[in-house]
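Visitor:
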Amino acid sequence: MDYGKVRVRFAPSPTGPLHIGGLRTALFNYLFAKKNNGDFILRIEDTDQARYVPGAEEYIIESLKWCNIKIDEGITVGGLYEPYRQSERKDIYRKYAKQLVENCDAYYAFDTPDDLEQMRIRLKAEKSSTQQYNSITRGSMKNSLSLTNKEVKQRLESGEPYVIRFKMPENEEVTVNDLIRGKVIVNTSELDDKVLFKSDGMPTYHLANIVDDHLMKISHVIRGEEWLPSTPLHVLLYKAFGWESEMPEFAHMPLTLKPDGKGKLSKRDGDRLGFPVFPLQWINPVTKEVFSGFRETGYFPEAFINILAFLGWNPGTEQEIFSLNELIKSFSLERIGKSGSRFDPEKAKWYNHQYLIKKSDDELAELFQSILKEKGIDADLNYIKNICALTKERVNFVSEFCDQSYFFFEAPTEYDPKVIKKRWKENTPDVLKDIIDILNKSEPFNVENTEKNVKDYILKNELNMGQVLNVLRLTLVGSAKGPALFNIMELLGKNEVITRIEAGLVNIIK
RNA sequence: GGUCCGUUCGUCUAGCCAGGUCAGGACGCCAGGUUUUCAUCCUGGUAACACGGGUUCGAAUCCCGUACGGACUACCA
């Protein structure tokens with residue numbers, strides 16, 4: 022392997038939206054590339070036309086963009102090794118598959134699906150330990166190793182459908198050197214004669230992957246652990262092509278697991294658990310079913326990638342908040358764990374909160390303003406900014422500003438009966454009338470003045486602080502929750518405050 | 001079934017490679033404090049080395065076995 026330049030690829034197949042596990046694979050590839058001044062390449066593995074889903078490719082690109090993962094080369098940006106969509110590289114794979122046949126590392130097979138089914142049934146009946154197409158069974162099947170040259174030629178010329186299978190060597194030990202798992206040794210007698218080239222003229226993943234990684238000079242293959250079992254085949258393919266010395270390094274990442282129960286996270290997990298598994302909202306083009314996304318739920322992309330990075334990786338320090346640049350700086354393959362991890366929605370919210378409170382009030386105000394506009398509420402940006410400043414500690418998402426600040430946009434129409442019961446006393450109306458007078462005289466009408474004046478009044482008349490202030494809050498907000506009372510008053514302004522107290526005096530009846 | 005991979009608090013994990021820590025942190029949860037309220041915040045608490053054997057003065061750490069979990073076992077990727 023020549024270490025001239027680090028070049029990694031993210032190679033999803035466009036069979037639907039990318040979920041958080043897939044995006045994490047992309048992120049780790051990106052971090053590794055950038056850490057080593059390398060290239061991040063996006064290749065689309067669309068060799069299975071049956072599973073192709075329209076919109077999926079755009080979704081992948083949009084997701085990477087949202088996460089601020091920049092593509093150095095590949096789909097959308099081009100590069101030296103175009104095309105980057107495998108369906109547009111069919112002829113390349115055919116050529117290499119034929120080369121393998123010529124070198125006797127692969128062979129033509131003419132078996133129909135029914136033939137294969139029969140073989141499996143037969144093997145099962147014989148209580149064979151496996152039902153594989155391999156060195157033991159290939160002799161009794163219809164392929165260029167069992168048939169005469171003449172017959173093979175005839176079948177090929179008559180246009181009979183065929184596949185090309187890898188001729189798996191017998192009883193050979195293959196060593197995969199995995200950067201995360203160490204040495205993994207497999208005996209070829211456990212492996213089967215995998216189809217490399219399908220009868221529809223498309224390669225399978227195994228062939229396309231090896232050919233492209235080699236042609237595109239990929240230095241490190243960082244992918245999910247589900248690929249580990251087929252890596253020995255890939256190693257054998259590199260050998261068969263004579264590319265062994267340029268073989269990339271492999272690193273198989275632990276899987277992302279279902280948050281509940283068992284197994285790896287799947288696209289079907291959708292919104293089943295009450296939180297998204299997709300970065301962006303996805304609408305199934307056929308069923309029109311809507312799956313929510315982290316973006317639409319209100320996650321900041323910086324928080325989202327931070328969460329993703331900590332699924333299976335950690336810096337070894339106690340720092341948990343990392344910007345993309347800090348992640349790049351700290352990233353290393355060695356610090357990726359070996360076991361699968363579950364996504365924790367509670368911790369994800371905490372992460373978003375951390376990013377939210379770090380944002381400037383101006384930025385939050387603009388985000389909140391667009392939500393308000395959707396709801397038909399038109400408010401002054403500066404007013405919104407002050408609200409954000411006052412409530413940002415209390416929310417995890419920008420959308421939650423609504424719940425925390427509805428009373429800034431409309432006077433309460435209902436009053437929490439529990440608070441009325443607990444706080445509304447016989448003298449309350451008189452006290453509130455006094456407070457109206459006091460507030461009327463407070464100039465300027467700000468936190469300092471109103472607080473001092475109201476509290477002086479309470480002390481002078483030997484009233485209960487909690488009693489008075491809660492009931493005052495009730496008239497302004499409708500409940501006993503919310504930010505500091507005098508801050509609310511200052512933002513609302515004198516007129517609105519007095520109007521609301523007067524309304525409270527009329528509407529609250531014990 | 002077979003092959004391969006894995007297993008530290010409920011969750012994410014540090015510690016393991018180069019044996020000696022009261023097994024550390026974060027989220028969650030619980031309690032207390034601050035606050036006019038709720039939330040935030042602060043303090044404290046809860047809770048884990050899958051099991052069994054070895055090696056060793058000493059094992060979460062090294063070795064073996066078992067259990068459990070997972071992935072793969074398609075003309076899907």
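Converting from the first sequence to this note's numbering requires adding 21 to each position, the first position being numbered 1.
Backbone N, C-alpha and C define an ideal beta-carbon position, used for all residues, glycine too.
1. Distance, Cα to Cα, L526 vs T496?
2. As a quick exercise: from L329, V29, I81, pick the residue whose alpha carbon is nearest that of N57.
3. Out of R316, V122, H235, K111, which one is the CA nearest neighbour of M223?
4. Could you check where the beta strand (DSSP E) with N198 kicks off and where it finishes?
5. To which residues of the same chain is S108 closer than 6 Å at the C-beta, ignoring the five residues directly before and after it?
6. At a cut of 8 Å, does the stretch 81-101 reach the stretch 320-328 through at least three beta carbon pairs?
7. For the structure I just gave you, are there three or more beta carbon pairs, one from the stretch 31-43 and one from the stretch 71-80, closer than 8 Å?
8. Which of helix, strand or coil does DSSP assign to L278?
9. Do V419 and S240 count as a contact pair if the criterion is CB distance below 8 Å?
10. Could you tell me the alpha carbon to alpha carbon distance between D136 and R143, rounded to whole angstroms?
11. For K413 and D383, which I take to be in contact (beta-carbon distance under 8 Å), what is that distance rounded to the nearest angstrom?
12. Rounded to the nearest angstrom, how far is the Cβ of L354 from that of A272, given a contact under 8 Å?
13. Looking at Y183: is its Cβ nearer than 8 Å to the Cβ of A229?
14. I need the boundaries of the beta strand (DSSP E) containing R415, first residue and last residue.
15. Out of L166, S251, H374, which has the shortest C-alpha to C-alpha gap to T196?
16. Closer than 6 Å by C-beta to Y117: which residues in its own chain qualify, once you throw out the five before and the five after it? Chain order, please.
17. In this structure, how does DSSP classify L168 when only helix, strand and coil are distinguished?
18. Residue ranges of each alpha helix (DSSP H) run of no fewer than 4 residues wholly in the stretch 183-269, ordered along the chain?
19. Nearest by alpha-carbon distance to I62: which of Q70, L85, I41 is it?
20. Please classify K55 as buried or exposed, where buried requires at least 16 other C-beta atoms within 10 Å of its C-beta.
21. Put Y129 into one of helix, strand or coil per three-state DSSP.
22. When DSSP builds the beta bridges, which residues end up paired with R30?
23. With respect to the alpha helix (DSSP H) encompassing D290, which residues constitute its N-terminal and C-terminal limits?
24. Exposed or buried, Q175, counting other C-beta atoms within 10 Å across all chains shown (16 or more means buried)?
25. On the three-state DSSP scale, how would you describe G487?
Guide: Short version:
1. Using only the alpha carbons, I get a separation of about 8 Å.
2. The shortest Cα separation from N57 among L329, V29, I81 belongs to V29.
3. When each option's Cα is compared against that of M223, the closest is K111.
4. Run containing N198: 194-199, per the beta strand (DSSP E) assignment.
5. D67.
6. Segment contact: the stretch 81-101 against the stretch 320-328, three or more CB-CB distances shorter than 8 Å; contact assigned.
7. Short answer: they touch.
8. Under the three-state reduction of DSSP, L278 is assigned to strand.
9. V419 sits away from S240, with the two beta carbons spaced by 8 Å or more.
10. One C-alpha to the other measures close to 10 Å.
11. Not really, about 12 Å apart at Cβ, beyond 8 Å.
12. Going by Cβ atoms, the distance from L354 to A272 rounds to 5 Å, so yes, they are a contact pair.
13. No, Cβ-Cβ distance for Y183 and A229 is not below 8 Å.
14. Premise fails: R415 is in no beta strand (DSSP E) and is neither H nor E.
15. The alpha carbon of T196 has as its nearest neighbour, out of L166, S251, H374, the alpha carbon of S251.
16. Here the set comprises V232.
17. If DSSP states are grouped into helix, strand and coil, L168 belongs with coil.
18. Secondary structure remark: continuous alpha helix (DSSP H) runs of at least 4 residues inside the stretch 183-269, in chain order: 226-236, 252-262.
19. Cα-wise, what sits closest to I62 is L85.
20. Taking all protein chains in view, the Cβ of K55 is crowded by 16 or more other Cβ atoms within 10 Å, so the residue is classified as buried.
21. In this structure, Y129 counts as strand in the three-state DSSP scheme.
22. In the DSSP output, where bridge partners are listed per residue, R30 has I62.
23. The continuous stretches of alpha helix (DSSP H) do not include D290, and DSSP gives it neither H nor E.
24. When all chains shown are included, Q175 counts as exposed.
25. Here G487 sits in helix by DSSP.
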